[in-house]
Structure formats: structure tokens, C-alpha cells
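**Student:** Residues 1 to 340 (UniProt numbering) are what the sequence shown spells out, left to right.
Built from N, CA and C at the ideal position, the CB exists for glycine as well.
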Amino acid sequence: MIVLIKRILRGIRNDKRLLGLVFVAPLLILSLIYVLLSSSAQTPVIAIDTGHPVLQRLAAAIDDSTAVVADYDAATANDALADGTIDAAITFDDNRLVVTLLEPDAGVAAGVSAALQDAQAALSGAAVRPEFVFLYGDPEATLFDSFGYILLAYISFFFVFLLAGIAFIRERTQGTLERFILSPIRRGAIVAGYTIAYGILATIQSVVVVLFAVTVLGLNVGDNVLPAILIMVLMSLAAVSIGLLVSVVAANEFQMVQLIPVVVIPQALFIGLIPLDNIPFGLGKLAYVMPLYYAANALKQVVVYDAGLAAVAPELAVLLGLTLALGVINTRILRQFRII
Numbered sequence: 001m002i003v004l005i006k007r008i009l010r011g012i013r014n015d016k017r018l019l020g021l022v023f024v025a026p027l028l029i030l031s032l033i034y035v036l037l038s039s040s041a042q043t044p045v046i047a048i049d050t051g052h053p054v055l056q057r058l059a060a061a062i063d064d065s066t067a068v069v070a071d072y073d074a075a076t077a078n079d080a081l082a083d084g085t086i087d088a089a090i091t092f093d094d095n096r097l098v099v100t101l102l103e104p105d106a107g108v109a110a111g112v113s114a115a116l117q118d119a120q121a122a123l124s125g126a127a128v129r130p131e132f133v134f135l136y137g138d139p140e141a142t143l144f145d146s147f148g149y150i151l152l153a154y155i156s157f158f159f160v161f162l163l164a165g166i167a168f169i170r171e172r173t174q175g176t177l178e179r180f181i182l183s184p185i186r187r188g189a190i191v192a193g194y195t196i197a198y199g200i201l202a203t204i205q206s207v208v209v210v211l212f213a214v215t216v217l218g219l220n221v222g223d224n225v226l227p228a229i230l231i232m233v234l235m236s237l238a239a240v241s242i243g244l245l246v247s248v249v250a251a252n253e254f255q256m257v258q259l260i261p262v263v264v265i266p267q268a269l270f271i272g273l274i275p276l277d278n279i280p281f282g283l284g285k286l287a288y289v290m291p292l293y294y295a296a297n298a299l300k301q302v303v304v305y306d307a308g309l310a311a312v313a314p315e316l317a318v319l320l321g322l323t324l325a326l327g328v329i330n331t332r333i334l335r336q337f338r339i340i
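Pasting the structure below:
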């Protein structure tokens, strides 16, 4: 047994990728999570109609360090909420202090509540507890109702990426890829063939996942089932292309699994759980090269905001563009492939 243990430990010592996965990858991911979660909260921008005498006094009492006050009337505040110009709009009606948010957001709600509490403490008279209302979303919704669209994208991306990568490695190790390369088929056609074949399987998976989430788990997507499926399909095609790309540097299926913390896990941190503007050091810009960011954003538009395909056309175009660009890269890499 001692001989066996020594042999295994020598093998592990010589496997640099395994050592990096065990000792380096957790530290890098933990450091990234620390940076993302330790950033200070963003100061909310609050729209207040200063033409109202009560709101005028309230606006004057709000400390600039707790919130930024913007002068909006009730007619334009909702549009400003929708385009992200402001974070909250405050109205006063029938002795009710109503705070309108775009959607349930614990961070924004806490920031607005703190600013109002400090402002009312500075004013004489009894404090009025704010009532929160939302343009989109249900405050009584479960966490799955609020973030189910993110889970749809992430879980589907993970399994499609893994499937495509491992399958392509098997094609290579079993000699099937070599036979294709030795045939008259062009390298670009080989890449396109694999992408389309696995893409068909990914399409079926996308349909099954969306229908299961809607019919069994009760995820509310309204009348946007088909747009949600289309978004998932385009994201899955990008996942297939990434899986093919990563499989090139993996010698076997185990090494493909080792690369999951590098390719899949970081994307979970940039798909909407943390506002990109709150991420320090400009790290939020990394999301713009991640397919999951565009897929999750598009799904949020159609699932939460009930938007149509026209509203998510830019995200769909980026997903398609990423797939085509990765296809070109995979073709060039395959041209460097040599039969031994």
C-alpha cells in the first residue's frame, strides 16, 4: 500500500494542471469573490418632485453622502427608472411616502431606506415609514422566481460546455477526428459540423429545460416562452464553441473537467447577481466578453420586463457574433493540428 501511495503522489506531483487546480485556482476564485463582494455600496440616485412642499423639505434634508437627489416629476420618473438614470422615485400621496423601484433590489432598497431615515431624523415631526412598490417583479416572489432565469442560463451553459468539450476530446483520442482531417473535408466544415451537431442536441436541451422550468417549477415567463428558448439556443451554440476551444488544450476528459473553474465558475459572478457598476477596479468590464452575461441579460429582459425580441436584439447579435468568432478561432487551431 505504501508503494501505491508513493506512486500516486509522484503522479500528482508531476501533474502541473492538477496542482494548479488544487492550490492556485481556489485562491484565485476566492480572491475574485472577495473583490466583488467587498466593494462599497453605490450611492442611490433618488428622483423627488421638489415642487411638492413635503418632498421639497425631504430633498433638502437628504445628505449628499447617503443619496443623490434628482428633480423629476411623477410623469417622467418611471421612464428614468426604466432606462437606469435613477434608482428610485419618491412620491407623497395621502400622507403615504411611496418609493418606486424598477424591481425588487435589496441593495437599492436598503440604501434608499437609510437615506430617508437620516433625512426624517433631521426634520421635526413624526417619521413616515416608506412604502415600496415596483414597476416589475413581485415583492412576494421566491428567490427562484427572481433569479430563475440566471439558473436557466448557467446550468444549460455548464452542461453544454462540458458535453461538447468531452465529446470532442473523445473524437480526437479515438481517431475519428484524424480520419476527418485526412478526408477531403475542409477544416472549417469539420468545425461547423461539430458545432451544428452538438448545437442540435443543445437546442433540444434548451427546449426541455425551459419547458420544465415553466410547466413543472412554475417559472413565470408570460408569453415569452419562444424568445426565452431562442436566447438559450444561441447561448448554447456559444457554449459548444467554447467547449471545442477548451478541449484543444485538454489531453483527456479529466483535464477538461479541471478547466471548469477557469471557464465556467468566473462567469457566474458576472451574470447579474452583482451590479457591474459596483465591481471595483473596472473588473465589471470582463462581463462584456462572457456569453453568459448577454444570455442572462436577454433572459431578464423577456422574463422579468416582458420585453420582445426587438428589445434583446443586441444581445442576440453578440451571442451569434461570439459563436462565429469562436468558430473562426477553432478552425485556425484545427489547421495547426498534425497527425502523429
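Could you work out which residue in Val246, Ser113, Leu101 is closest to Asp63 when comparing CA atoms only?
**Tutor:** Residue mapping note: residue 63 aligns to position 63 of the sequence shown, counting from 1. Per the Cα distances, Ser113.
**Student:** Expressed to the nearest angstrom, what Euclidean distance is found between the alpha-carbon atoms of Ile169 and Pro266?
**Tutor:** Working through the sequence shown from its first residue, we reach residue 169 at position 169. Working through the sequence shown from its first residue, we reach residue 266 at position 266. Roughly 23 Å between the two C-alpha positions.
**Student:** When DSSP labels each residue in this structure, what does Glu131 get in the three-state scheme?
**Tutor:** Taking the sequence shown and counting its residues from 1, the one referred to as residue 131 is at position 131. Looking at Glu131 - three-state DSSP - the assignment turns out to be strand.
**Student:** In terms of residue numbering, what span does the alpha helix (DSSP H) encompassing Leu151 cover?
**Tutor:** By one-based count along the sequence shown, residue 151 stands at place 151. It spans 143–173 - the alpha helix (DSSP H) in which Leu151 sits, taken as one unbroken run.
**Student:** When we look at the beta-carbon of Ala60 and count the other beta-carbons within 10 Å, is it buried (16 or more) or exposed?
**Tutor:** Position 60 of the sequence shown, counting from 1, holds the residue named residue 60. Exposed.
**Student:** 8 Å is my cut-off, CB to CB: does Leu273 come that close to chain C?
**Tutor:** As a matter of chain content, chain C is missing from the structure shown, which is built from one protein chain.
**Student:** For the beta strand (DSSP E) holding Asp93, just list the boundary residues, first then last.
**Tutor:** In the sequence shown, the residue the question calls residue 93 occupies position 93. Asp93 -> beta strand (DSSP E) spans 88–93.
**Student:** DSSP state of Arg186, grouped into three classes?
**Tutor:** Position 186 of the sequence shown, counting from 1, holds the residue named residue 186. Arg186 falls in the coil class under three-state DSSP.
**Student:** Do you know how far the Cα of Leu135 is from the Cα of Ala317?
**Tutor:** Residue numbering aside, residue 317 sits at position 317 when the sequence shown is read from its first letter. Residue numbering aside, residue 135 sits at position 135 when the sequence shown is read from its first letter. The straight-line gap from Cα to Cα measures roughly 28 Å.
**Student:** Exposed or buried, which one is Leu292 when buried takes at least 16 other CB atoms within 10 Å?
**Tutor:** Taking the sequence shown and counting its residues from 1, the one referred to as residue 292 is at position 292. Burial call: buried.
**Student:** Please name the residue or residues paired with Ala47 in a DSSP beta bridge.
**Tutor:** Residue 47 sits at position 47 when you count from the first residue of the sequence shown. Ala47 pairs with Ala70, Ala89.
**Student:** Looking only at its own chain, which residues have a Cβ that is under 7 Å from the Cβ of Tyr294, when we skip the five neighbours before and after it?
**Tutor:** Residue 294 sits at position 294 when you count from the first residue of the sequence shown. Around Tyr294: Glu315, Val318, Leu319.
**Student:** I want to know whether the stretch 73–90 touches the stretch 141–156 - three or more CB-CB distances under 8 Å.
**Tutor:** no
**Student:** Alpha carbon to alpha carbon, how far is Leu102 from Leu334? Give it in angstroms, no decimals.
**Tutor:** Here residue 334 refers to the residue found at position 334 of the sequence shown. Here residue 102 refers to the residue found at position 102 of the sequence shown. Distance between the alpha carbons of Leu334 and Leu102: 47 Å.
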